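K.L.:
In the numbering used here, the protein residues as written are 443 to 696.
For each residue, glycine too, the CB sits at the ideal point set by N, CA and C.
Quick caveat: nothing in here was measured; it's all calculated off a predicted structure.
My questions all concern the structure below.
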């Protein structure tokens with residue numbers, strides 16, 4: 443009888459351990475969803491449209507509370523909200539993540555340069571807002587290495603918005619198709635966003651692909667880099683991992 447009791451006692455203990463583990467996992471999942479929805483969500487950078495501010499292989503946290511909450515604050519846009527609650531409007535120069543208006547699914551990250559009612563135009567690569575030229579100072583050339591190991595130089599500038607926000611941009615060809623544009627008038631409740639890599643960015647200048655960003659489509663503001671890799675090490679090349687990490691980018695504020 444004692445042998446049978448011990449067996450059943452063990453099964454009961456194992457059963458309790460299983461349910462405790464399951465409950466812990468569920469709690470962790472709920473906490474993760476709440477944090478990603480209401481506080482901070484991690485994103486990675488797959489393209490070079492925001493070079494030199496953001497590099498391919500950067501990982502960053504986006505604050506979900508910076509602009510308030512909309513349906514796109516929730517995973518897969520499943521929220522029942524209409525518009526935004528606790529809304530705080532973006533500022534010029536913010537690096538923001540938003541849902542691409544064309545499909546309301548794809549995450550894009552660009553810099554907010556135009557607010558509702560603004561008139562914007564790019565002439566010979568220079569940005570004008572409401573008829574005023576955005577201050578731009580030439581810096582040393584930006585040097586990068588392509589996937590074949592070749593080094594290239596691109597003209598680099600420091601732009602400063604009217605609110606004092608400064609950031610670096612690249613502009614290799616001042617006569618490109620995106621360097622001379624018509625005048626854009628930002629509709630009410632919308633924003634105008636551009637990539638810092640001006641000649642290699644599909645952004646609000648391309649109306650059919652991106653266009654104006656509805657306020658509701660804003661996901662959050664990019665805040666800080668927490669990891670970065672140059673992609674030179676494959677997943678199975680463990681011995682190369684330490685040499686592929688860009689340690690100096692850790693903690694970079696955006």
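So the beta strand (DSSP E) residue 484 belongs to, where does it begin and stop?
P.N.:
Its beta strand (DSSP E) spans residues 482-486.
K.L.:
Is residue 615 closer than 8 Å to residue 492 when the C-beta atoms are compared?
P.N.:
Going by C-beta atoms, residue 492 is not nearer than 8 Å to residue 615.
K.L.:
Once the 5 residues before and after residue 636 are set aside, which same chain residues still bring their CB inside 7 Å of it?
P.N.:
Result list for residue 636: 552, 553, 555, 643, 645, 646 and 647, in chain order.
K.L.:
Can you give me the C-alpha to C-alpha distance between residue 664 and residue 527, rounded to a whole angstrom?
P.N.:
When rounded, the distance between both Cα atoms is 19 Å.
K.L.:
Assign residue 612 to one of three DSSP states: helix, strand, or coil.
P.N.:
Looking at residue 612 - three-state DSSP - the assignment turns out to be strand.
K.L.:
So, do the segment 592-612 and the segment 567-581 have three or more beta carbon pairs nearer to each other than 8 Å?
P.N.:
In short, these stretches touch, since the Cβ pair count reaches three.
K.L.:
By Cβ distance below 8 Å, which residues in the same chain neighbour residue 675 in space, the five residues on each side in sequence not counted?
P.N.:
Counting only Cβ-Cβ distances below 8 Å, and skipping sequence neighbours, we find 682, 683, 685 and 686.
K.L.:
Determine the contact status of residue 666 and residue 507, defining contact as a CB-CB distance below 8 Å.
P.N.:
Taking 8 Å as the Cβ cut-off, residue 666 and residue 507 do not qualify as a contacting pair.
K.L.:
Locate the alpha helix (DSSP H) running through residue 668, then write down its first and last residues.
P.N.:
No alpha helix (DSSP H) holds residue 668; the beta strand (DSSP E) holding it covers 660-670.
K.L.:
Where are the beta strand (DSSP E) runs, 3 residues long or more, that stay fully inside the segment 558-642, in chain order?
P.N.:
Counting whole runs of 3 or more residues, the segment 558-642 contains the beta strand (DSSP E) stretches 561-565, 568-571, 577-580, 584-587, 593-596, 598-602, 608-612 and 632-636.
K.L.:
What does a CB cutoff of less than 7 Å around residue 618 pick up in its chain, not counting 5 residues either side in sequence?
P.N.:
Around residue 618: 641.
K.L.:
Ignore the nearest five residues each way along the sequence and tell me which others in residue 693's own chain have a CB closer than 8 Å to its CB.
P.N.:
Cβ within range, chain order: 666, 667 and 668.
K.L.:
Do residue 567 and residue 500 have their C-beta atoms closer together than 8 Å?
P.N.:
Cβ distance not < 8 Å, so residue 567 and residue 500 don't count as in contact.
K.L.:
At what residues does the alpha helix (DSSP H) containing residue 686 begin and finish?
P.N.:
Start and end: 683-686.
K.L.:
Span of the beta strand (DSSP E) holding residue 501?
P.N.:
First-last of the beta strand (DSSP E) with residue 501: 500-505.
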